[in-house]
Amino acid sequence: MYSLSERKAYSMPLPEPPISNWIGSSHGWLVTMDEKSDLMLLNPITGDKIALPPVTTMEHVKPVLNGDGVLEKYEVSFYHGKLPRVYSTPYGCSLDRCGEVVYIKAILSSDPSTGECIVMLIHQPYWQLSFAKVGDARWNWLQMHSFYADCIYHDGCFYAVTEEGAIDMYNLDGPSVIHRRILPDMVDVAQRYYILQAPWGDFLQIYKERDWDPEQPVGETYATAFEVYKVDFVEQKRVKMAGIGDCALFTGKRTTSCFSVKDHPGLMSNHVYYTHDDHEDLFDCEDDPRDIGVYDLENNSRTRLVDPEPWRTWFPPIWFTPNLAKAGFPDDNGGAQ
């Protein structure tokens, strides 16, 4: 772990089973993946663990057994909810690599220790949605739409932003799921979008512009600019903001969040802290450097953060905010990212 406020690296033991990847971070918990690509909620401070439904309960993943009836690999089928469905040849992958192919991002509705948490999963194929409540036996596929980039939970509903910038609402309370398009597309699909709730209560939609990195191997991209929009769900409109004042944004493949600099004095106000989040880069170019940096919204400039262990590229970087109060520690500066 690397603390932004202290600019210091820490090592901390993690409980068994070994973690082969992480899919999300929220409410002081990590969503981790084991050697069979099954997901688990982990509080790395307290060591608490909560198992999630097996990967084989997802709509698009099927187990493949060998002649002795032992799980050998998985097959991932590529189709979405549009009818008529177009099926392609299933993609076979090993037990430990399946999750790297399938999982994009996991979002938690609340602190899992309360027992009421819902986990929303953005996954392949086609960046679709599936969800499960803590204690469920299987994942529930939402086939209404696809190509989602980020998601947030608020007041009983999930709000998901597509790769084109549109925002959809999903209400999971009730016998059937209610789906509604809240805001239309913004621009083309070549960029990246995020959605979050700011400390002052407004919802923000973040637009990240990317370009090819001339200093890196062909195909590598890097962040060139960020724009912030205030989202009004009632009026169904967006308003571009000049900045975020005394707050700092965090974006990445696994996490999107916003913090007050007054509560986190080690952070820089009106800045965006970002990590590499191109799924194809992370999957196909594991040994290439990651685009990790800070973007100044006032003067539109970026500074790359120094990776404390640049050779460790096999895990995608993730922002993590520990809930030290839950662990019985004083939390004077809001914890470390």
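The opening position of the sequence shown corresponds to residue 1 in full-length UniProt numbering, with each subsequent residue numbered one higher.
Beta carbons are placed, not taken as given, at the ideal position from N, Cα and C, and that holds for glycine.
{"Item": "Inter-residue Cα distance where the pair is proline 125 and valine 101", "Value": "9 Å"}
{"Item": "Own chain residues within Cβ distance below 8 Å of alanine 198, not counting five before or after", "Value": "Leu204, Ile244, Cys247, Cys258"}
{"Item": "Run of the alpha helix (DSSP H) containing glutamate 100, from where it starts to where it stops", "Value": "98-102"}
{"Item": "Cβ-based burial, tyrosine 153 [other Cβ within 10 Å; buried from 16]", "Value": "buried"}
{"Item": "Supposed contact pair aspartate 96 and serine 37 - C-beta distance, whole angstroms, cut 8 Å", "Value": "7 Å"}
{"Item": "Residue from His27, Met12, Ser11 whose Cα sits closest to the Cα of proline 322", "Value": "His27"}
{"Item": "Beta-bridge pairing of tryptophan 141 - partner residues as DSSP gives them", "Value": "Ser130"}
{"Item": "Outcome for tryptophan 200 when other beta-carbon atoms lying within 10 angstroms are tallied against a minimum of 16", "Value": "exposed"}
{"Item": "Identity of the residue in Leu14, Phe147, Trp319, Phe78 nearest aspartate 48 by Cα", "Value": "Leu14"}
{"Item": "Within 9 Å, strictly: CB atoms of tyrosine 222 and isoleucine 206", "Value": "no"}
{"Item": "Three-way DSSP call (helix, strand, coil) for valine 64 in this model", "Value": "strand"}
{"Item": "Three or more C-beta pairs below 8 Å linking the segment 80-90 and the segment 103-110", "Value": "no"}
{"Item": "Anticipated Cβ contact below 8 Å, glutamine 236 with isoleucine 178, distance rounded", "Value": "Not confirmed; about 16 Å, so no contact."}
{"Item": "Spatially closest choice to leucine 52 from Ser94, Met40, Tyr274, by CA coordinates", "Value": "Met40"}
{"Item": "Selection from Met169, Asn300, Arg138 that minimises the alpha carbon distance to threonine 56", "Value": "Arg138"}
{"Item": "Helix, strand or coil at residue 385 according to DSSP, with G and I counted as helix", "Value": "The first residue shown for the chain is 1 and the last is 337, placing residue 385 beyond what the model contains."}
{"Item": "Cut-off 7 Å between Cβ atoms - residues of its own chain near proline 184, not counting five sequence neighbours on either side", "Value": "Ala166"}
{"Item": "Length at least 3, wholly inside the segment 196-280: the beta strand (DSSP E) runs in chain order", "Value": "203-212, 221-232, 237-241, 247-251, 257-260, 271-274"}
{"Item": "Pairwise C-alpha distance: tryptophan 22 and proline 63", "Value": "22 Å"}
{"Item": "Cβ neighbour criterion (16 or more within 10 Å) applied to tyrosine 229", "Value": "buried"}
{"Item": "Per-residue burial, tyrosine 274 [other beta carbons within 10 Å of its own, 16 or more giving buried]", "Value": "buried"}
{"Item": "Local conformation of valine 86 per DSSP, three classes", "Value": "coil"}
{"Item": "Coil, strand or helix - valine 70 by DSSP", "Value": "coil"}
{"Item": "Close beta carbons around isoleucine 43, own chain, < 7 Å, minus the five adjacent residues each side", "Value": "In the sequence as displayed, the identity of residue 43 is asparagine instead of isoleucine. Contacts found: Gly28, Trp29."}
{"Item": "Contacts around histidine 271, its chain only, beta-carbon distance under 7 Å, and the 5 residues preceding and following it disregarded", "Value": "Ala248, Val294, Tyr295, Asp296, Leu297"}
{"Item": "Spatial neighbours of lysine 133 in its chain, beta-carbon cut-off 6 Å, leaving aside the 5 residues before and after", "Value": "Ile118"}
{"Item": "Residue span of the beta strand (DSSP E) that contains cysteine 157, given as start and end", "Value": "157-162"}
{"Item": "Presumed contact (8 Å Cβ cut-off) between leucine 121 and serine 130, rounded CB distance", "Value": "5 Å"}
{"Item": "Cβ-based neighbour list, aspartate 173, same chain, cut-off 7 Å, excluding 5 preceding and 5 following", "Value": "Gly156"}
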